[in-house]
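Chemist: Residue numbers (the numbering used here): 56 to 355. Think of the CB as a built atom: it goes at the ideal place given N, C-alpha and C, for glycine as much as any other residue. Since we're looking at a predicted model, the values are computed, not measured. Just passing along the structure, written as structure tokens.
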């Protein structure tokens, strides 16, 4: 019997684990490379600083002993968590996520996603990546997985920073939900984790949009600027009352639905709409990015 007879065929089960390991290794390499960039560290630093500034501002505002109020309601359309921070530091997590979600978090994700492909092309490393047996589809999937991992990491950085500052500056304990019921600190901490996951999931549409824009140009700066510009444009459109008919189809419309996780019982309707909308955006722009990238003439 020859050695060729003993060798596994191209479609054997041995090839699949090897391919899966290669895909995971590619994702790990991309994620580590992204985290090592000074730009990424600067973005994470800014996100971590936002809860610190909010916490210090609230502490200074209430330093004379006047409470910020204890009600869960408030004016405006966003979740009114600020008034609860002085009563329970855990509310700083919800406030920080509500403060960073409209701009800081999606801007950071847009920068990472916009630079994913265009940045490699601009640096002249894209062709070398494709020389390896990764393939365009697998490389694109690794880039999107890296961006999604950054979405989660950035959200957790905000949440952990806010929890640390809230613990240092304010009391902890049972907390009052938006519905007015009391829940334990452990339950509130669990809901804070769910809220962080919901916020991270809210950024998947932006990640797919940024990745698609990144396949359209060889300039990383242009891709990042375009993605952030589209993000700002969409949010402006979402604030124009005359365009109310298109608001439910804008990826930012249901972002603040995470506040419903602080109701008792939880309202799931808008949360489901948000996750469904993000899935649609991810599917549409992810497919568009794949169609563009797999047919693109790579010259750099």
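1. Based on DSSP bridge pairs, tell me the residues matched to residue 238.
2. Considering only residues of the same chain and omitting the five flanking positions on each side of residue 236, which have a CB-CB separation below 8 Å?
3. Less than 7 Å between C-beta atoms, sequence neighbours within five positions excluded: which residues of the same chain meet that for residue 387?
4. Following the continuous alpha helix (DSSP H) through residue 328, name the residue where it begins and the one where it ends.
5. Note the first and the last residue of the continuous alpha helix (DSSP H) segment covering residue 106.
6. Touching or not, the region 275 to 293 and the region 157 to 165, by the rule of three or more beta carbon pairs under 8 Å?
7. DSSP three-state label for residue 315, please.
8. Are the region 162 to 173 and the region 268 to 280 in contact at 8 Å, needing three or more beta carbon pairs?
9. Give the straight-line distance between the Cα atoms of residue 340 and residue 259, rounded to the nearest whole angstrom.
10. Out of 205, 230, 117, 84, state which residue places its alpha-carbon closest to the alpha-carbon of residue 102.
11. Write down the C-beta distance between residue 254 and residue 210 rounded to the nearest angstrom, noting that I regard them as a contact closer than 8 Å.
12. I need the straight-line Cα distance from residue 363 to residue 107, nearest angstrom please.
13. Buried or exposed: which applies to residue 324, given that a residue is buried once 16 or more other Cβ atoms fall within 10 Å of its Cβ?
Modeler: According to the data block:
1. Answer is 230.
2. In its chain, beyond the 5 residues on either side, 319 have a beta carbon closer than 8 Å to the beta carbon of residue 236.
3. Absent from the structure is residue 387, since the part of the chain shown begins at 56 and ends at 355.
4. Element bounds for residue 328: 324 to 350.
5. From DSSP, the alpha helix (DSSP H) with residue 106 extends over 93 to 116.
6. Touching, yes, given that three or more Cβ pairs across the two stretches are closer than 8 Å.
7. Here residue 315 sits in helix by DSSP.
8. The region 162 to 173 is in contact with the region 268 to 280.
9. Taken atom to atom, the span from the alpha-carbon of residue 340 to that of residue 259 is near 10 Å.
10. The shortest C-alpha to C-alpha distance from residue 102 to any of 205, 230, 117, 84 is the one to 205.
11. Contact holds; Cβ gap of about 5 Å.
12. This structure leaves residue 363 out entirely; the chain is present only between 56 and 355.
13. So residue 324 ends up on the exposed side.
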